[in-house]
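What follows is one structure encoded as structure tokens, with my remarks underneath.
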Amino acid sequence: MAEQNMLMTNENIRLLLHDRIFERTILKLVPRWIHPNHVTILRLLLTPAVLYFLWRENWAVALPLFIFAALTDAFDGSLARTRKQITMWGTVADPIADKLLVGSVVVLFVAQEVNILFAVFIILMELLIILGALIRKWRHGTIISANEFGKLKMVLQVTGVGILLLAKLLGFRLAVPFAIGTFSLAIVFAIVSFFTYGL
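Note that the sequence shown covers residues 1380 to 1578 in the numbering used here.
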């Protein structure tokens, strides 16, 4: 577990399945001057736009914009690993960008569409994971890369928001319980991620 949780650098890169798929497809279209940190910054810039369209209840724009912004999380990581462009700034900024995107959407949208206590619990788990990372930095002076449970948590959170947005767009309220189930599973993975983060 300690080996899996250590900080990934350009010297100990482990390519994931989606890295290999991206490398053979979409990454071939990305110019060399575009770096992973550019993509992370794009996600940070897209977050206010996602929130704006959610606030305006423009589901037709909010849904694809949110999905695109969320996909940049997988994209910047794959770009960094396949091109050996991992940086300390990116290692820190990438999860912050993720949490800002998902956390703000949870506060603005999930709290209203599902349950405010449910949303509070999701945010609380994110804060605990951040706190765990800070404690590790204070105790050991190290930063570690997100583990597989953390990545699954993010995928499930994005899926849950996507289902809710699709339900709003299509007026299909029966999809909401599926979103709740997805968020519940994300909470489970968040808890597991917290306790396996190497505190």
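All C-beta atoms, glycine included, are put in the ideal place defined by N, C-alpha and C.
Exercise. Going by alpha carbons, who is nearest to residue 1436 out of 1448, 1416 and 1491?
Worked result: Numbered from its first residue, the sequence shown carries residue 1436 at position 57. When only C-alpha atoms are compared, the closest one is 1491.
Problem set entry | Candidates 1500, 1405 and 1439: closest to residue 1549 by CA position | By one-based count along the sequence shown, residue 1549 stands at place 170. Answer by Cα proximity: 1439.
For this session: Give the range of the alpha helix (DSSP H) segment to which residue 1530 is assigned.
Result: Taking the first residue of the sequence shown as 1, we reach residue 1530 at position 151. Segment 1527-1549, the alpha helix (DSSP H) holding residue 1530.
Exercise. Which of helix, strand or coil does DSSP assign to residue 1463?
Worked result: Numbered from its first residue, the sequence shown carries residue 1463 at position 84. Three-state DSSP puts residue 1463 in coil, outside helix and strand.
For this session: Locate the alpha helix (DSSP H) running through residue 1416, then write down its first and last residues.
Result: Your numbering for residue 1416 matches position 37 in the sequence shown. Taken as a continuous stretch (DSSP letters only), the alpha helix (DSSP H) holding residue 1416 covers 1415-1434.
Exercise. Whose C-beta lies closer than 8 Å to the C-beta of residue 1500 among residues of the same chain, with five residues either side of it excluded?
Worked result: As a working note, residue 1500 is residue 121 in the sequence shown. These residues qualify, in order along the chain: 1566.
For this session: Report yes if the CB atom of residue 1493 is closer than 8 Å to the CB atom of residue 1559, and no otherwise.
Result: Sequence index remark: in the sequence shown, residue 1493 carries index 114 (1-based). Sequence index remark: in the sequence shown, residue 1559 carries index 180 (1-based). Yes.
Exercise. If we ignore side chains and look at the alpha-carbon of each, how far apart do residue 1441 and residue 1433 end up?
Worked result: As a first step, residue 1441 must be located in the sequence shown, where it is residue number 62. As a first step, residue 1433 must be located in the sequence shown, where it is residue number 54. Answer to the nearest angstrom: the Cα atoms are 6 Å apart.
Problem set entry | Range of the contiguous alpha helix (DSSP H) that encloses residue 1571 | For the purposes of this step, residue 1571 is identified with residue 192 of the sequence shown, where counting begins at 1. Residue 1571 -> alpha helix (DSSP H) spans 1555-1574.
Exercise. Can you tell me where the alpha helix (DSSP H) with residue 1401 in it begins and where it stops?
Worked result: For this step, residue 1401 is matched to residue 22 along the sequence shown. Its alpha helix (DSSP H) spans residues 1396-1403.
Exercise. So is residue 1533 in contact with chain C if we call contact Cβ pairs under 8 Å?
Worked result: Considering every chain present, this structure includes no chain C. It has just one protein chain.
Exercise. Are residue 1537 and residue 1449 closer than 8 Å when you measure CB to CB?
Worked result: Within the sequence shown, the letter at position 158 stands for residue 1537. Within the sequence shown, the letter at position 70 stands for residue 1449. Against a cut-off of 8 Å, the Cβ pair of residue 1449 and residue 1537 comes out as a contact.
Exercise. Do you know how far the Cα of residue 1486 is from the Cα of residue 1530?
Worked result: Here residue 1530 refers to the residue found at position 151 of the sequence shown. Here residue 1486 refers to the residue found at position 107 of the sequence shown. When rounded, the distance between both Cα atoms is 20 Å.
Problem set entry | Span separating the alpha-carbon of residue 1570 from that of residue 1505 | Position 191 of the sequence shown holds residue 1570. Position 126 of the sequence shown holds residue 1505. Rounded to the nearest angstrom, the two C-alpha atoms are 9 Å apart.
For this session: Give a yes or no on whether the C-beta atoms belonging to residue 1469 and residue 1410 are separated by under 8 Å.
Result: Start at 1 with the first residue of the sequence shown, and residue 1469 comes out as number 90. Start at 1 with the first residue of the sequence shown, and residue 1410 comes out as number 31. Their beta carbons are not under 8 Å apart, which means residue 1469 does not touch residue 1410 by this criterion.
For this session: Verify whether the separation of the beta carbon atoms of residue 1451 and residue 1418 is less than 8 Å.
Result: For the purposes of this step, residue 1451 is identified with residue 72 of the sequence shown, where counting begins at 1. For the purposes of this step, residue 1418 is identified with residue 39 of the sequence shown, where counting begins at 1. Cβ distance < 8 Å, so residue 1451 and residue 1418 count as in contact.
For this session: Measure the alpha-carbon distance for residue 1395 versus residue 1458 and round it to whole angstroms.
Result: Taking the first residue of the sequence shown as 1, we reach residue 1395 at position 16. Taking the first residue of the sequence shown as 1, we reach residue 1458 at position 79. When only Cα atoms are considered, residue 1395 and residue 1458 end up about 12 Å apart.
Exercise. When the Cα atoms are used, what is the spatial distance from residue 1495 to residue 1423?
Worked result: Residue numbering aside, residue 1495 sits at position 116 when the sequence shown is read from its first letter. Residue numbering aside, residue 1423 sits at position 44 when the sequence shown is read from its first letter. Annotation: residue 1495 to residue 1423 spans about 24 Å, alpha carbon to alpha carbon.
Exercise. Nearest to residue 1545 by CA position, among 1403, 1444, 1420 and 1405, is which residue?
Worked result: Position 166 of the sequence shown holds residue 1545. Cα-wise, what sits closest to residue 1545 is 1444.
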